[in-house]
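Protein chains in written order, with the numbering used here: chain A, 7 to 412; chain B, 7 to 412.
Note that beta-carbon positions come from the ideal geometry of N, C-alpha and C, so glycine has one too.
In this text the structure is predicted, and so the values were computed from the model without any measurement.
Data block below; observations after.
There are 2 protein chains.
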Amino acid sequence: MAIRIEHGTTAVAGFRFAGGSAGLKKNGRDDLAIAVADEAVPAGAVFTTNLVRAAPVDVAAEHVARGRLRAILANSGCANACTGDLGLAAARNTIAALGRALGIPAEQVLPASTGVIGTVLDAAKVAAAIPALVASLSESPDPFAEAILTTDRGVKVANARGAIGGRPFVVQGIAKGAGMIHPSMAPLVPHATMLAFLFTDANAGAASLAASMKTVADATFNQASVDGDTSTNDTLVVLASGRAATPIPRGGAVDRELEEAMTLVCEELARMMVADGEGAEHLVELHVSGLPSNEEAVRIARTVATSPLVKTAFFGKDPNWGRLLAAAGRSGVPFDPAHARILIGGIPVVERGLGVGAAAEREAHEVMTLPSYRIDLVLGDGAGQARCLTSDLGIGYVRCNADYRS
Amino acid sequence: MAIRIEHGTTAVAGFRFAGGSAGLKKNGRDDLAIAVADEAVPAGAVFTTNLVRAAPVDVAAEHVARGRLRAILANSGCANACTGDLGLAAARNTIAALGRALGIPAEQVLPASTGVIGTVLDAAKVAAAIPALVASLSESPDPFAEAILTTDRGVKVANARGAIGGRPFVVQGIAKGAGMIHPSMAPLVPHATMLAFLFTDANAGAASLAASMKTVADATFNQASVDGDTSTNDTLVVLASGRAATPIPRGGAVDRELEEAMTLVCEELARMMVADGEGAEHLVELHVSGLPSNEEAVRIARTVATSPLVKTAFFGKDPNWGRLLAAAGRSGVPFDPAHARILIGGIPVVERGLGVGAAAEREAHEVMTLPSYRIDLVLGDGAGQARCLTSDLGIGYVRCNADYRS
Numbered sequence: 007m008a009i010r011i012e013h014g015t016t017a018v019a020g021f022r023f024a025g026g027s028a029g030l031k032k033n034g035r036d037d038l039a040i041a042v043a044d045e046a047v048p049a050g051a052v053f054t055t056n057l058v059r060a061a062p063v064d065v066a067a068e069h070v071a072r073g074r075l076r077a078i079l080a081n082s083g084c085a086n087a088c089t090g091d092l093g094l095a096a097a098r099n100t101i102a103a104l105g106r107a108l109g110i111p112a113e114q115v116l117p118a119s120t121g122v123i124g125t126v127l128d129a130a131k132v133a134a135a136i137p138a139l140v141a142s143l144s145e146s147p148d149p150f151a152e153a154i155l156t157t158d159r160g161v162k163v164a165n166a167r168g169a170i171g172g173r174p175f176v177v178q179g180i181a182k183g184a185g186m187i188h189p190s191m192a193p194l195v196p197h198a199t200m201l202a203f204l205f206t207d208a209n210a211g212a213a214s215l216a217a218s219m220k221t222v223a224d225a226t227f228n229q230a231s232v233d234g235d236t237s238t239n240d241t242l243v244v245l246a247s248g249r250a251a252t253p254i255p256r257g258g259a260v261d262r263e264l265e266e267a268m269t270l271v272c273e274e275l276a277r278m279m280v281a282d283g284e285g286a287e288h289l290v291e292l293h294v295s296g297l298p299s300n301e302e303a304v305r306i307a308r309t310v311a312t313s314p315l316v317k318t319a320f321f322g323k324d325p326n327w328g329r330l331l332a333a334a335g336r337s338g339v340p341f342d343p344a345h346a347r348i349l350i351g352g353i354p355v356v357e358r359g360l361g362v363g364a365a366a367e368r369e370a371h372e373v374m375t376l377p378s379y380r381i382d383l384v385l386g387d388g389a390g391q392a393r394c395l396t397s398d399l400g401i402g403y404v405r406c407n408a409d410y411r412s
Numbered sequence: 007m008a009i010r011i012e013h014g015t016t017a018v019a020g021f022r023f024a025g026g027s028a029g030l031k032k033n034g035r036d037d038l039a040i041a042v043a044d045e046a047v048p049a050g051a052v053f054t055t056n057l058v059r060a061a062p063v064d065v066a067a068e069h070v071a072r073g074r075l076r077a078i079l080a081n082s083g084c085a086n087a088c089t090g091d092l093g094l095a096a097a098r099n100t101i102a103a104l105g106r107a108l109g110i111p112a113e114q115v116l117p118a119s120t121g122v123i124g125t126v127l128d129a130a131k132v133a134a135a136i137p138a139l140v141a142s143l144s145e146s147p148d149p150f151a152e153a154i155l156t157t158d159r160g161v162k163v164a165n166a167r168g169a170i171g172g173r174p175f176v177v178q179g180i181a182k183g184a185g186m187i188h189p190s191m192a193p194l195v196p197h198a199t200m201l202a203f204l205f206t207d208a209n210a211g212a213a214s215l216a217a218s219m220k221t222v223a224d225a226t227f228n229q230a231s232v233d234g235d236t237s238t239n240d241t242l243v244v245l246a247s248g249r250a251a252t253p254i255p256r257g258g259a260v261d262r263e264l265e266e267a268m269t270l271v272c273e274e275l276a277r278m279m280v281a282d283g284e285g286a287e288h289l290v291e292l293h294v295s296g297l298p299s300n301e302e303a304v305r306i307a308r309t310v311a312t313s314p315l316v317k318t319a320f321f322g323k324d325p326n327w328g329r330l331l332a333a334a335g336r337s338g339v340p341f342d343p344a345h346a347r348i349l350i351g352g353i354p355v356v357e358r359g360l361g362v363g364a365a366a367e368r369e370a371h372e373v374m375t376l377p378s379y380r381i382d383l384v385l386g387d388g389a390g391q392a393r394c395l396t397s398d399l400g401i402g403y404v405r406c407n408a409d410y411r412s
């Protein structure tokens with residue numbers, strides 16, 4: 007059965023959600039979200055690889071390593087990063103408060119924070135807001151999806167439905183993230199301003215979910231970049247209630263169908279994040295191919311995708327292929343520019359390292375007016391390839407980030 | 007005798023200059039510059055390390071390797087990069103034309119181009135403009151300094167006067183460059199949108215000048231970054247007329263006083279370039295120290311100096327030290343964030359990894375309103391350190407680069 011992607015939130019058997027305000031955001035918008043499983047369920051996660059990681063990431067990595075989680079406590083408005091022992095105590099105090107309210111051990115709660123770096127999370131405000139949120143728990147993930155947002159233009163939700171052994175299941179993904187987006191997550195190597203939470207009623211073991219999250223992140227979020235700035239708080243976590251009673255493959259691995267569903271959901275969320283990159287007007291899917299190895303292709307793709315000159319050309323809808331080629335050329339990866347081929351939306355603008363001409367560039371310019379398009383850099387005959395989802399760098403990005411704290 | 011830095015152009019014994027329009031720029035501004043030595047003189051150069059290098063860089067590297075140069079032919083309005091055999095032929099045709107006009111071999115002419123990538127230099131236009139320029143050669147470098155500009159806000163000239171063995175000499179530096187600034191130059195590894203030309207009446211041998219240019223570039227231009235985009239055309243070249251009859255040290259090396267003068271001139275030019283970074287309002291001198299090695303410090307400095315989140319915070323005059331620390335944390339270099347110390351204009355805003363407080367940040371904000379200031383990241387007790395000159399990323403940068411070709 008083909009997996010279907012759906013937008014909009016959906017109930018997932020075994021989970022309840024709530025969202026509200028703890029007064030962390032100056033503008034009074036919702037900033038506290040909780041998700042609760044009916045019982046402690048298998049969970050897996052990957053976190054930022056940034057050396058500077060937030061207190062909640064340290065705590066979250068410790069808790070998810072135990073294999074099972076009962077709840078998620080996420081806040082926006084404060085990243086609780088670079089906050090030392092005070093930050094760590096604040097993170098622990100908030101999950102302890104949720105644990106008390108739910109009557110569960112604090113070790114079964116995964117904390118996640120996003121917002122300004124350098125401010126200690128106000129644990130008292132969070133604790134005071136928890137009882138009302140717990141009282142409002144319901145099957146609808148909408149308040150949760152809303153409360154985790156920061157500079158996002160809107161909620162980011164995607165679901166996939168599939169079936170394993172004839173038993174239907176759903177994977178629901180809820181994410182936030184617009185700026186400081188350049189995820190680079192590895193299992194239990196804590197680091198997050200990209201937060202993504204997956205809830206599924208499928209059956210899976212905790213160890214296999216953790217491994218699966220690494221695979222899924224590498225294929226999706228880790229290929230996305232808004233500004234090259236890997237955050238201190240990136241978190242991707244999945245909780246599996248098992249209520250769909252899907253069979254677990256022999257050996258205990260995550261079922262292929264389930265992994266595909268999680269990948270599709272994360273791909274959709276990653277595209278939403280990049281399209282919602284701060285001030286972004288275009289989602290560009292950059293494909294680099296023809297290199298001797300995938301690693302070399304990745305290095306070029308990341309260099310091109312984070313080049314300010316390339317990204318401002320995207321903003322200007324300018325098929326300035328010279329900038330693409332120049333960025334590739336400074337990546338440190340050897341290739342022969344005289345054999346480079348560049349296509350924008352399938353239209354060749356460079357063949358054998360030379361511009362095809364003005365007519366092709368006019369066509370490419372038309373493509374670049376679209377909200378989403380693809381660019382191919384073919385740099386040789388090798389089998390190595392890579393993909394990067396990136397966005398344009400426009401005036402909106404500057405406005406958003408120059409004014410963020412003021 | 008202490009070396010003095012001066013601004014404004016000055017005559018340098020043994021050199022004449024000219025500038026004018028060849029019609030390469032759409033706006034009709036001057037775009038062709040020539041500098042001529044009275045005879046073939048020792049020269050040394052370094053070029054871009056970008057794999058994608060412009061045709062004139064290939065030719066320039068070949069010619070300067072012969073040790074002596076008689077003339078420079080520089081144009082703005084067209085980088086003649088990614089132009090294949092046609093571009094190479096165009097570069098050779100233009101220097102052949104200058105060679106004929108001056109009655110010298112083309113191999114004694116160094117070509118340099120800057121401007122849009124992907125367009126073949128119009129050699130016929132350049133050749134047609136050469137006779138008038140040759141006829142107007144004079145001791146004043148002003149027309150030369152003007153004609154090499156592209157998006158620069160003004161000419162970039164700095165001079166240093168010193169003395170060797172009691173004989174006074176001068177080093178004059180003339181540069182252009184505002185965008186695509188992230189020089190990474192190595193000797194005879196051709197690549198340039200940063201062009202810098204040094205003219206001195208001091209005495210020096212060609213081989214030692216080449217070595218000296220590498221040292222000087224590493225200490226100055228290679229520490230400067232506007233947007234992280236190393237260009238296809240970066241060129242730094244020095245011509246030494248020897249007319250000051252300064253003594254050459256035993257062994258033939260460049261005299262220490264001369265190298266210091268060249269370094270001071272290039273430092274001044276590098277600061278002008280970054281301060282004139284497209285749309286930039288602030289020149290930030292970033293110092294990273296306390297790492298085990300200089301290489302590790304360089305890696306962190308470059309990551310922080312090119313972070314869009316950091317650079318937009320500079321634009322917003324926001325002492326957002328969390329972004330500085332987060333950028334350092336994703337550089338791939340291990341350090342202990344809990345021991346990090348950050349100073350903005352000498353004001354500590356982070357001690358032991360934690361924010362010092364709002365009062366310090368208000369003071370730091372005042373510093374960040376200045377056109378130029380220093381930031382220190384002290385990340386441990388090691389001796390490894392690095393420096394990077396960078397700028398803010400503002401709306402002006404986006405405007406400049408989104409509209410560049412349209």
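Can you tell me the Cβ-Cβ gap for residue 227(A) and residue 276(A), rounded? I've got them flagged as a contact below 8 Å.
-> 5 Å
Where do the ends of the beta strand (DSSP E) carrying residue 272(A) lie?
-> No beta strand (DSSP E) contains residue 272(A), which is instead part of the alpha helix (DSSP H) from 262 to 281.
Determine the DSSP secondary structure at residue 437(A), reduced to helix, strand or coil.
-> Because chain A here runs from 7 to 412, residue 437(A) falls outside it and cannot be looked at.
Note down the Cα distance separating residue 317(A) from residue 283(A), rounded to an integer number of angstroms.
-> 12 Å
Which of helix, strand or coil does DSSP assign to residue 88(B)?
-> coil
When DSSP labels each residue in this structure, what does residue 180(B) get in the three-state scheme?
-> strand
Identify every run of the beta strand (DSSP E) within the stretch 343 to 372 of chain B, keeping only runs that are complete inside it and at least 3 residues long; order them along the chain.
-> 347 to 350 and 353 to 357
Could you tell me how far apart the beta carbons of residue 292(A) and residue 88(B) are, in whole angstroms, since I believe they sit closer than 8 Å?
-> Wrong, their Cβ atoms sit about 18 Å apart, outside the cutoff.
Residue 170(A) - partner residues in DSSP beta bridges | 173(A)
For residue 348(B), decide whether its Cβ has a neighbour in chain A, counting only Cβ atoms nearer than 7 Å.
-> no
Stretch-stretch touch, CB-based, cutoff 8 Å, three pairs: the stretch 344 to 358 of chain A with the stretch 262 to 272 of chain A = no
State the Cα-Cα distance for the pair residue 406(B) and residue 319(A), rounded to the nearest angstrom.
-> 10 Å
Would you call residue 127(A) buried or exposed, if buried means 16 or more other Cβ atoms sit within 10 Å of its Cβ?
-> buried
Closer than 6 Å by C-beta to residue 311(B): which residues in its own chain qualify, once you throw out the five before and the five after it? Chain order, please.
-> 231, 292, 394 and 396
Please state whether DSSP places residue 99(B) in a helix, a strand or coil.
-> helix
In chain B, which residues lie less than 7 Å from residue 230(A) when you measure between Cβ atoms?
-> Here the premise fails: no neighbours, minimum Cβ distance about 15 Å.
Helix, strand or coil for residue 309(B) per DSSP?
-> helix
Helix or strand or just coil, what does DSSP make of residue 70(B)?
-> helix
Reduced DSSP secondary structure (H/G/I, E/B, other) of residue 209(A) | coil
According to the neighbour-count rule (16 or more other Cβ atoms, all chains shown, within 10 Å of its Cβ), is residue 288(A) buried or exposed?
-> buried
Interface partners of residue 40(A) on chain B, CB under 8 Å = Residues of chain B passing the Cβ test: none, with the nearest at roughly 26 Å.
With a 10 Å radius around its C-beta and 16 neighbouring C-beta atoms as the bar for buried, classify residue 144(A) as buried or exposed.
-> exposed
Determine, using beta carbons only, whether residue 308(B) and residue 339(B) come nearer to each other than 7 Å.
-> no
Pairwise C-alpha distance: residue 84(B) and residue 116(B) = 16 Å
Hey, quick one: how far does the beta strand (DSSP E) through residue 291(A) stretch, first residue to last?
-> 289 to 296
For residue 236(B), which of helix, strand or coil comes out of DSSP?
-> coil
Do we get a CB-CB distance below 7 Å when we pair residue 236(A) with the residues of chain B?
-> yes
Reference residue 156(B), options 170(B), 65(B) and 120(B), closest by Cα | 120(B)
Contact between the stretch 97 to 112 of chain B and the stretch 133 to 140 of chain B: three or more CB pairs below 8 Å?
-> yes
Touch test, the stretch 43 to 55 of chain B against the stretch 239 to 249 of chain B, Cβ-Cβ under 8 Å, three pairs minimum = yes
According to DSSP, residues forming a beta bridge with residue 403(B) | DSSP lists no partner for residue 403(B).
Under 7 Å between C-beta atoms, does residue 90(A) make it to chain B?
-> yes
Alpha carbon to alpha carbon, what distance is there between residue 139(B) and residue 53(B)?
-> 26 Å
In three-state DSSP terms, what is residue 136(B)?
-> helix
Whose C-beta lies closer than 8 Å to the C-beta of residue 376(B) among residues of the same chain, with five residues either side of it excluded?
-> 288 and 351
Are the stretch 12 to 21 of chain A and the stretch 245 to 254 of chain A in contact at 8 Å, needing three or more beta carbon pairs?
-> yes
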